[in-house]
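Going from the sequence shown to this note's numbering is simple: count from 1 and add 25.
To start, the structure itself, in structure tokens.
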Amino acid sequence: MPIATPEVYARMLDRAKAGAFAYPAINVSSSQTLNAALRGFAEAGSDGIVQVSTGGASYLYGVDDMVIGARALAEYAHVVAAKYPVHIALHTDHCPKDRLDRYVRPLVKLSQERVARGQGPLFQSHMWDGSAVSLGENLDIARELLAECAKAKVVLEIEIGVVGGEEDGIVGAINEKLYSTTEDALLTVEALGTGENGRYMTALTFGNVHGVYKPGNVKLRPEVLKAAQDAVHKEFDTPDDKPFHLVFHGGSGSLPEEISAA
Numbered sequence: 026m027p028i029a030t031p032e033v034y035a036r037m038l039d040r041a042k043a044g045a046f047a048y049p050a051i052n053v054s055s056s057q058t059l060n061a062a063l064r065g066f067a068e069a070g071s072d073g074i075v076q077v078s079t080g081g082a083s084y085l086y087g088v089d090d091m092v093i094g095a096r097a098l099a100e101y102a103h104v105v106a107a108k109y110p111v112h113i114a115l116h117t118d119h120c121p122k123d124r125l126d127r128y129v130r131p132l133v134k135l136s137q138e139r140v141a142r143g144q145g146p147l148f149q150s151h152m153w154d155g156s157a158v159s160l161g162e163n164l165d166i167a168r169e170l171l172a173e174c175a176k177a178k179v180v181l182e183i184e185i186g187v188v189g190g191e192e193d194g195i196v197g198a199i200n201e202k203l204y205s206t207t208e209d210a211l212l213t214v215e216a217l218g219t220g221e222n223g224r225y226m227t228a229l230t231f232g233n234v235h236g237v238y239k240p241g242n243v244k245l246r247p248e249v250l251k252a253a254q255d256a257v258h259k260e261f262d263t264p265d266d267k268p269f270h271l272v273f274h275g276g277s278g279s280l281p282e283e284i285s286a287a
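Here's what the structure looks like:
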């Protein structure tokens, strides 16, 4: 099937939330790893997400131009994914502040240009990782990016709190920021809305850590997520009692019931 349209991607996200399951988001850094991910989704009979990190995008081009690397892989994916019997969405993974102008912003601009020509966006979603800055600055940047993503029919992913461990050279300290608060959640919705300003996904943190660890070493607290959902639903009287579309970073190795609870 063709790469997921904005409408198909929206239905994918809605279906996952309603069904209490998660789509695997597989990082790729070459045509070979992309092909492996596509085959895996097809053999499982599952829709899914393929994502490219800043490091992966830089590696793809070879001379440290992340936009060209990500664009080349996305164009390739649009061609080859059409032959598979599942829906695939393309996503860019963690992008910190110092790489926004060299990665996410130019890619969003490319999608805006495609949409203006009557095409679909190049990527279906982009992640802004504001975990290294204050929550206020995180949300200020998120508000600006959300407006630009909406013009491109693209979903924005934000991180509220800090995912522990390391991924693609981005390190999250394992401390109290591993657990988002209800105040964090309320401030997020005050800044970004509940979808009327553009669709976004939220990586609230509940003790999740990148990597695979021995049982008992990671202390997941899904009640943190429930408290955030409940607080926003009550404060803003949202029609959905789970207003956030949540992202579970570091889900590799987690049990199915842990994913469902989250």
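Where a beta carbon is used, it is the ideal one built from N, C-alpha and C, also for glycine.
Just so it is clear, the structure is predicted and the values come from calculations on it, not from any experiment.
Looking at the DSSP output, Ala50 sits in a beta bridge with Ile74. Residue pairing by DSSP places Thr227 opposite Ile183, Leu271 in a beta bridge. Contact between the region 45-58 and the region 125-145 is absent: fewer than three C-beta pairs spanning the two stretches fall below 8 Å. The beta carbons of Ala35 and Arg224 sit about 7 Å from each other, so the pair counts as a contact at 8 Å.
Excluding five sequence positions before and after Val214, the CB atoms of its chain that fall closer than 8 Å to its own CB belong to Val257, Glu260, Phe261, Pro268, given in chain order. In the DSSP assignment, Met26 falls outside any alpha helix (DSSP H) and carries neither an H nor an E. At the C-beta level, Ala228 and Val272 come within 8 Å of one another. With a 10 Å radius around the Cβ and a threshold of 16 neighbouring Cβ atoms, Leu125 comes out buried.
Inclusion of Ala95 and Val77 in the CB contact set at 8 Å is warranted, their separation being smaller than that value.
In the structure shown, the three-state DSSP call for Tyr109 is coil. By DSSP's assignment, Met152 forms a beta bridge with Glu182. Taking Leu135 as the centre and dropping the five residues before and after it, the same chain places the C-beta of Leu147 closer than 6 Å to its C-beta, in chain order. Ala114 sits in a strand when the DSSP states are folded into three classes. In the DSSP annotation of this structure, Ala157 is not part of any alpha helix (DSSP H), being labelled neither H nor E. DSSP places Ala61 in the uninterrupted alpha helix (DSSP H) bounded by 56-69.
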